[in-house]
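Numbering (the numbering used here), first residue to last: 2 to 221.
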Ligand code: CDP
C-alpha cells in the first residue's frame with residue numbers, strides 16, 4: 002500500500018504548523034516541520050560566525066545538522082527567520098536537506114509542512130494543501146506569538162518582515178514558494194485553528210481514499 006503523505010505548504014504564519022500537527026494526530030502519522038531544517042541551518046552558520054548567504058558555509062551547516070540542534074531555544078524570532086530565509090534560497094542547501102525529508106515520509110507516511118513539499122519534496126503526495134491568509138492576518142498572528150513569548154515587537158515591523166520573507170521565498174529560483182498545480186487552497190484569514198482544521202478535513206475528504214482514512218483513524 003502506498004504510504005499516506007500529506008503535504009502542507011504556504012507563506013509564513015498561515016497556520017501550517019498547527020494544522021499539520023492536528024492532521025498528523027488524526028491520522029496517526031509522524032509530522033515534520035521542515036522550516037526547522039532551514040532554521041537550524043541558518044543558526045549553525047551564525048554560530049560559526051558565517052554569513053547565511055555564503056553557499057559553502059551554508060551547505061556545510063546543512064550537512065552537519067545533528068539531532069540536538071532541533072532542541073535549541075533560539076530557532077524562532079526575527080534573526081532566525083531571516084537566516085533561515087537566506088540559507089533556504091541556496092540550491093546546495095536544499096539538495097543537502099532533500100534526502101532527510103524524503104526518508105522521513107517514505108514507507109510509513111507523514112505530514113510535512115513547508116514551502117516546497119507538494120512541488121519538490123513529495124510531488125507525488127497523496128494530498129496537498131496550500132495554506133494561506135492575508136498578510137495583515139499573518140503579521141498579527143506572528144506578532145501575537147512573539148508577545149506570548151515575552152518578545153517586545155511592533156505590529157507594523159513584524160508584518161513588514163513577514164511580507165519581506167514571503168516575497169523572498171516567492172522570488173527565489175530554488176524551490177520558490179508557490180502552490181502545486183494540484184494543491185487544495187485553504188485561506189485561513191477568517192478562520193481560527195479549529196475552523197481551519199474543519200475546513201481542511203472537508204477539502205481532504207475530496208481527495209483521500211476513504212478506506213485509508215478509516216484504517217488510519219482506527220490505528221491512531
Ligand atoms: O514559521 P514560519 O512559517 O514563519 O517559517 P518556517 O516554516 O519555519 O520557515 C522558515 C523559512 O525557511 C521560510 O521563510 C523559508 O525561507 C524556509 N523554508 C523553505 O524554504 N522551505 C521549507 N520547506 C520550509 C521553510
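Using N, Cα and C, we set each Cβ at its ideal position, and we do this for glycine too.
It should be emphasised that the depicted structure is a prediction, and the values quoted were computed from it without experimental measurement.
_Are there any heavy atoms of ligand 1 lying less than 7 Å away from the beta-carbon of residue 66, as far as the coordinates show?_
The residue given as residue 66 occupies position 65 in the chain shown. Not under cutoff, so the answer is no.
*Please indicate yes or no: does the CB of residue 193 lie closer than 7 Å to some heavy atom of ligand 1?*
Sequence index remark: in the chain shown, residue 193 carries index 192 (1-based). Flag unset: Cβ of residue 193 not near ligand 1.
*May I ask you to report which of helix, strand or coil DSSP gives residue 110?*
For the purposes of this step, residue 110 is taken as the residue at position 109 of the chain shown. Of the three classes helix, strand and coil, the one that applies to residue 110 here is coil, per DSSP.
_With 16 other Cβ atoms within 10 Å as the buried cut-off, status of residue 123_ = One-based indexing of the chain shown puts residue 123 at position 122. Looking at its Cβ environment, which holds 16 or more other Cβ atoms inside 10 Å, residue 123 is buried.
*asked:* Just list the residues that DSSP pairs residue 130 with in beta bridges.
replied: One-based indexing of the chain shown puts residue 130 at position 129. Partner(s): 9 and 185.
*Which runs of the alpha helix (DSSP H) spanning at least 4 residues fall entirely within the region 23-63, listed in chain order?*
Counting whole runs of 4 or more residues, the region 23-63 contains the alpha helix (DSSP H) stretches 36-48.
*Should residue 57 be labelled buried (16 or more other beta-carbon atoms within 10 Å of its own) or exposed?*
In the chain shown, residue 57 corresponds to position 56, counting from 1. Exposed, by the Cβ-count rule.
*Taking the continuous alpha helix (DSSP H) assigned at residue 65, which residues delimit it?*
Taking the first residue of the chain shown as position 1, residue 65 is located at position 64. No alpha helix (DSSP H) contains residue 65, which DSSP labels as neither H nor E.
*Outcome for residue 71 when other beta-carbon atoms lying within 10 angstroms are tallied against a minimum of 16*: Reading the chain shown from its first residue, position 70 is the one you call residue 71. Exposed is the call here.
_Quick check: what's the CA-CA separation for residue 128 versus residue 159?_
Along the chain shown, read from residue 1 onward, the residue named residue 128 stands at position 127. Along the chain shown, read from residue 1 onward, the residue named residue 159 stands at position 158. Whole-angstrom Cα-Cα distance: 31 Å.
*asked:* Taking the alpha-carbon of residue 8 as reference, which of 42, 75, 69 and 117 has the nearest alpha-carbon?
replied: Here residue 8 refers to the residue found at position 7 when the chain shown is read from its first residue. When only C-alpha atoms are compared, the closest one is 117.
_To test your reading of the DSSP string, which unbroken beta strand (DSSP E) runs of 3 or more residues are found completely within the region 162-211?_
185-188
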